[in-house]
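If you read the protein sequences in the order shown, they are chains A and B.
The first sequence begins at 8 in this note's numbering and counts up one residue at a time.
The second sequence begins at 15 in this note's numbering and counts up one residue at a time.
Beta carbons are placed, not taken as given, at the ideal position from N, Cα and C, and that holds for glycine.
All values derive from a computational prediction rather than experimental measurement.
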Amino acid sequence: MPGIYVLVEHDRGEISPATFEALTAARNLAQRLTEEVVAVFIGVFDSDFNAVCTEYGISEGVVLASPLITDYGPELWGEALSQLSQERTPRIVMSVGTDKGNEVIAHASARLGSPFIANCIEVHRDSDWTITRMQWGGSLLEDVRVDTEQIFLSYAHHSVEPETAALSSDANIQIVELELDSLLTRTLVQERAAQAEGATLSTASVVVSGGRGVGSADAFAPLEELADLLAGKVGCSRAVTNNGWRSHADQVGQTGTRIAPEIYIACGISGAIQHWVGAMASKNILAINIDPEANMVTKAGYAVLGDLHEVVPAIIEEIKRRR
Amino acid sequence: MRILVCVKRVPAPGSRINITDDALTVDTAHLGFTTSPHEECAVEEAAQLVEEHGGSVCVLTVGPAEAEEQLRYAASVGANEFVLVPNESGHDWDPQRTSHVISEAITQLEAGGERFDLILFGNESADSGGYQVGIRVAVTLGRAVVNGIKGIEIQDTTVTASREVDGGNEVYSVPLPAVLGVKEGINLPRYPTMKGRLASKKAEISSTSIDSSAGPQEKVRLHQPEEKISETEILGNGPDAAVKVVDLLDELGVL
Ligand SMILES: Cc1cc2nc3c(=O)[nH]c(=O)nc-3n(C[C@H](O)[C@H](O)[C@H](O)COP(=O)(O)OP(=O)(O)OC[C@H]3O[C@@H](n4cnc5c(N)ncnc54)[C@H](O)[C@@H]3O)c2cc1C
Ligand SMILES: Nc1ncnc2c1ncn2[C@@H]1O[C@H](COP(=O)(O)O)[C@@H](O)[C@H]1O
Chain A
8 MPGIYVLVEH
18 DRGEISPATF
28 EALTAARNLA
38 QRLTEEVVAV
48 FIGVFDSDFN
58 AVCTEYGISE
68 GVVLASPLIT
78 DYGPELWGEA
88 LSQLSQERTP
98 RIVMSVGTDK
108 GNEVIAHASA
118 RLGSPFIANC
128 IEVHRDSDWT
138 ITRMQWGGSL
148 LEDVRVDTEQ
158 IFLSYAHHSV
168 EPETAALSSD
178 ANIQIVELEL
188 DSLLTRTLVQ
198 ERAAQAEGAT
208 LSTASVVVSG
218 GRGVGSADAF
228 APLEELADLL
238 AGKVGCSRAV
248 TNNGWRSHAD
258 QVGQTGTRIA
268 PEIYIACGIS
278 GAIQHWVGAM
288 ASKNILAINI
298 DPEANMVTKA
308 GYAVLGDLHE
318 VVPAIIEEIK
328 RRR
Chain B
15 MRILVCVKRV
25 PAPGSRINIT
35 DDALTVDTAH
45 LGFTTSPHEE
55 CAVEEAAQLV
65 EEHGGSVCVL
75 TVGPAEAEEQ
85 LRYAASVGAN
95 EFVLVPNESG
105 HDWDPQRTSH
115 VISEAITQLE
125 AGGERFDLIL
135 FGNESADSGG
145 YQVGIRVAVT
155 LGRAVVNGIK
165 GIEIQDTTVT
175 ASREVDGGNE
185 VYSVPLPAVL
195 GVKEGINLPR
205 YPTMKGRLAS
215 KKAEISSTSI
225 DSSAGPQEKV
235 RLHQPEEKIS
245 ETEILGNGPD
255 AAVKVVDLLD
265 ELGVL
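See the structure below:
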């Protein structure tokens with residue numbers, strides 16, 4: 008009966024692809040621990056829940072139903088999951104470590120006074136739980152031991168490659184009606200504002216970034232031109248946002264955006280570890296820096312040593328010459 | 015309005031995070047310390063809200079005596095009241111213990127004065143990144159809480175808070191008193207002025223010890239993630255390297 012219960016992250020029924028990482032991780036874990044995976048869907052919405060369970064080889068699903076759950080709400084979702092966790096006493100209650108996944112699991116565990124281990128990459132069970140998790144946005148790892156029967160955790164986003172099941176099976180979906188305190192509707196989403204569509208920093212195939220070495224807001228003009236020529240986006244370091252040269256939306260790193268372009272061109276950026284964790288998923292990195300010892304230069308696949316104010320315009324000119 | 019901000023003192027490592035021989039903490043022998051970036055923004059947000067609506071900002075930290083440095087920094091950018099809850103163990107406490115201690119401290123602070131209309135946390139701490147202390151405190155106090163906040167507006171007895179999600183923003187409208195976890199980018203923190211620096215020297219810091227015991231989670235060791243080491247190919251020096259750079263862009267198919 009215990010089992011591994013996985014939160015399905017969704018937006019009014021639309022299941023987030025990040026959930027597939029959690030389902031995959033749970034399935035692998037279940038095999039090692041000889042447990043069953045149960046997928047948990049919060050609220051009654053039109054969705055592909057059934058199909059997703061089937062595709063990911065999850066034979067059991069639970070829909071937590073309440074007329075109060077009309078949208079996402081961290082308190083309602085957390086309370087719903089905590090009620091289920093208390094009643095069914097699963098061994099593991101988990102999600103993927105997105106902002107929402109971490110938020111809901113934190114709420115559920117807090118309500119039961121249980122530990123919550125965020126952003127795990129490895130989970131083992133002998134007499135205790137031994138878990139490896141990310142600190143510093145992934146720049147450092149921590150091994151923790153937890154001596155409880157039940158554990159709440161999240162798997163670090165992008166740490167597991169989603170894999171559908173070889174054998175799909177029809178899922179048995181059960182609807183569980185919950186009684187929830189209407190007070191908790193105070194944190195339901197009230198409104199949404201859409202953003203302009205198009206490539207974002209996190210999805211761009213080329214990112215041209217500038218750091219303190221750029222020197223001023225105006226001096227970003229050549230970087231913008233280069234990004235435009237390559238149909239890419241401009242990024243920056245925290246030194247740049249702190250100076251007010253660019254908006255925080257452009258910041259790459261631990262407290263900014265994580266990028267994964269085909270090529271990352273880092274101009275005048277030293278490559279501090281908190282910047283590096285945001286850039287390291289790039290397929291190729293080109294550092295342009297006057298300092299051959301800069302971390303960005305020694306870690307990058309490619310580098311140009313020199314003043315970015317000369318090198319970037321020369322690259323622009325060479326591109327234009329060839330077109 | 016009375017606002018509380020909970021901040022954590024964290025080391026500010028450069029190109030690599032070194033760990034001590036016992037593998038239990040970050041080796042800070044050659045490092046400076048700072049306030050976690052999300053929380054620095056939380057302090058700025060609180061200062062701006064009080065400038066607009068009146069009131070005061072209290073800043074609380076759980077940490078070693080040296081964390082006074084982070085409280086004084088908060089004083090230099092507009093906070094008014096400072097509380098240090100000592101943890102002299104030399105290690106971070108686990109998130110449940112930290113949450114317990116902060117909840118108790120808040121109860122004491124509110125018993126001795128007004129209730130906090132708003133309590134701000136960072137979305138996650140910069141070092142341990144547990145994604146939970148603010149939520150645990152809010153649950154203990156029975157208050158509404160939303161994380162990931164990048165916009166705050168107060169109207170009378172309600173706070174409108176927004177957060178970024180794929181393709182847009184979600185807006186929450188939460189009755190006060192409330193708890194919010196904020197993210198860097200919500201504002202651009204100010205630099206301390208001369209007057210601020212003076213205020214920070216004079217700031218009175220109260221120290222409040224709170225009994226607590228460890229939770230069921232124990233840190234075993236810290237270690238470095240595996241890194242793929244790559245040789246750096248130097249494409250050239252100065253503008254002459256442009257030809258090789260564009261050759262590379264061509265090769266990668268992004269030209
Ligand atoms: C908890 C925490 C979280 C953080 N999160 C982030 C984050 O998300 N993102 C982030 O970026 N940082 C983050 N930081 C800050 C980070 O530690 C560094 O301070 C920051 O990345 C430094 O920015 P920089 O490389 O632009 O500046 P610097 O470190 O000052 O480097 C400037 C570089 O430019 C080079 N240079 C100077 N002039 C020229 C020139 N004319 N041509 C070519 N090269 C030149 C120099 O050689 C040097 O390498 C965080 C810090 C902490 C403590
Ligand atoms: N030692 C501490 N002292 C004060 N506030 C803390 C402390 N640890 C965590 N917090 C607050 O709780 C938030 C979430 O922390 P965490 O759960 O560790 O990610 C942080 O951003 C801080 O606002």
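So which residues on chain A does residue i lean against when the C-beta distance must stay under 9 Å?
i               : result
glycine 199/B   : Thr248, Ser254, His255, Ala256, Gln258, Thr262, Gly263
glycine 28/B    : Ser277, Ala279, Ile280, Asn302
glutamine 271/B : With chain B running from 15 to 269 in the structure shown, residue 271/B is simply not present.
histidine 52/B  : Thr262
threonine 75/B  : Simply none; closest approach about 19 Å.
isoleucine 31/B : Gln142, Trp143, Ser146, Leu147, Ile280
Give the residues of chain B in contact with residue i, contact being defined as C-beta atoms less than 9 Å apart.
i                : result
asparagine 3/A   : Lying before the first or after the last residue shown, residue 3/A is absent from chain A, which here runs from 8 to 330.
glycine 313/A    : Gly250, Asn251, Gly252, Pro253, Asp254, Ala255
glutamate 84/A   : A small fix is needed here, since residue 84/A is tryptophan in this sequence, not glutamate. In chain order: nothing, as chain B lies at least about 12 Å away.
asparagine 291/A : Leu262, Leu266
arginine 118/A   : Val153
isoleucine 270/A : Leu262, Leu263, Leu266, Val268
So residue i contacts chain A; which residues on that side make the cut at Cβ distance below 8 Å?
i             : result
alanine 158/B : Glu82, Arg193, Thr194
leucine 202/B : Thr248, Asn249, Gly251, His255
arginine 16/B : Residues of chain A passing the Cβ test: none, with the nearest at roughly 20 Å.
glycine 181/B : Ala201, Gln202, Glu204
proline 189/B : Arg193
Under the DSSP definition of a beta bridge, which residues are partnered with residue i?
i                   : result
phenylalanine 283/B : Nothing about residue 283/B can be reported from this structure: the residues present for chain B run from 15 to 269 only.
valine 45/A         : Tyr12/A, Glu67/A
asparagine 126/A    : Looking at the DSSP assignment, asparagine 126/A forms no beta bridge with any residue, so it has no partner.
tyrosine 162/A      : Val103/A, Cys127/A
alanine 158/B       : Ala192/B
arginine 177/B      : Ile163/B, Glu184/B
lysine 240/A        : Val214/A
cysteine 72/B       : Leu18/B, Glu95/B
cysteine 274/A      : Gly217/A, Ile295/A
tyrosine 205/B      : Per DSSP, none; premise fails for tyrosine 205/B.
alanine 87/A        : Alanine 87/A pairs with nothing; no bridge assigned.
alanine 72/A        : Glu184/A
valine 259/A        : Thr264/A
tyrosine 309/A      : Leu293/A, Glu247/B
Kindly give me the distance between the Cβ atoms of residue i and residue j, rounded to whole angstroms, as I take these residues to be in contact under 8 Å.
i                : j                : result
serine 50/B      : alanine 140/B    : 4 Å
isoleucine 168/B : arginine 177/B   : That pair is no contact at about 17 Å.
arginine 152/A   : tryptophan 136/A : 7 Å
arginine 111/B   : glycine 229/B    : 5 Å
alanine 278/B    : valine 19/B      : Outside the modelled stretch of chain B, which goes from 15 to 269, sits residue 278/B, for which no answer is possible.
Just to confirm, does residue i get its C-beta within under 7 Å of one of the non-hydrogen atoms of ligand 3?
i            : result
alanine 87/A : Of the ligands one can find in the structure shown, namely ligand 1 and ligand 2, none is ligand 3.
Which residues in chain B sit within 8 Å of residue i, going by Cβ to Cβ distance?
i                : result
glutamine 142/A  : Asp141, Ser142, Gly143, Leu236
leucine 14/A     : Ordered by position in chain B, no residue passes the 8 Å Cβ test against leucine 14/A, which lies about 14 Å from the chain.
leucine 148/A    : Leu236, His237, Gln238, Pro239
asparagine 126/A : Gly143, Tyr145
valine 151/A     : Gln231, Glu232, Lys233, Val234
Taking C-beta pairs closer than 7 Å, name the residues in chain A that residue i reaches, listed in chain order.
i               : result
tyrosine 186/B  : Thr194, Val196, Gln197
glutamate 247/B : Gly308, Tyr309
glycine 68/B    : Going along chain A, no residue has its Cβ under 7 Å from glycine 68/B, so there is no contact; the nearest lies around 25 Å.
glycine 92/B    : Residues of chain A passing the Cβ test: none, with the nearest at roughly 17 Å.
serine 279/B    : Limits of chain B in this structure are 15 at one end and 269 at the other, which puts residue 279/B out of reach.
So residue i contacts chain B; which residues on that side make the cut at Cβ distance below 7 Å?
i                : result
proline 122/A    : Gln110, Gly229, Pro230, Gln231
valine 213/A     : Val268
glycine 145/A    : Pro239
aspartate 154/A  : Pro230
glutamate 325/A  : Ala256, Val257, Val260
glutamate 317/A  : Gly252, Pro253
asparagine 296/A : Those do not exist, as asparagine 296/A stays about 11 Å from chain B at its closest Cβ, beyond 7 Å.
arginine 329/A   : Val260
threonine 305/A  : Thr246
Beta strand (DSSP E) segments (min. 3 residues) lying fully within the segment 108-137 of chain B: DSSP runs (the beta strand (DSSP E)) wholly in the segment 108-137 of chain B: 132-136.
Could you name the residues of the segment 210-237 of chain B whose beta carbon sits closer than 9 Å to any beta carbon of chain A, in the order they occur along the chain? Correct list: Gly229, Pro230, Gln231, Glu232, Lys233, Val234, Arg235, Leu236, His237.
At a Cβ cut of 7 Å, what residues of the segment 227-239 of chain A count as close to chain B, listed as they run along the chain? So the close ones are Leu237.
Kindly provide the ranges of any beta strand (DSSP E) runs that are 3 or more residues long and lie completely inside the segment 167-230 of chain A, ordered along the chain. With a minimum length of 3 residues, the continuous beta strand (DSSP E) runs that stay inside the segment 167-230 of chain A are 179-184, 196-201, 213-217.
Can you check the segment 198-265 of chain B for any beta strand (DSSP E) of at least 3 residues that lies completely inside it and give the ranges in chain order? List check, beta strand (DSSP E) in window: 219-221, 231-237, 247-251.
Which residues, in order along the segment 113-138 of chain B, keep a beta-carbon less than 9 Å from a beta-carbon of chain A? Those residues of the segment 113-138 of chain B that come within reach of chain A (Cβ to Cβ, closer than 9 Å) are Ser113, Asn137, Glu138.
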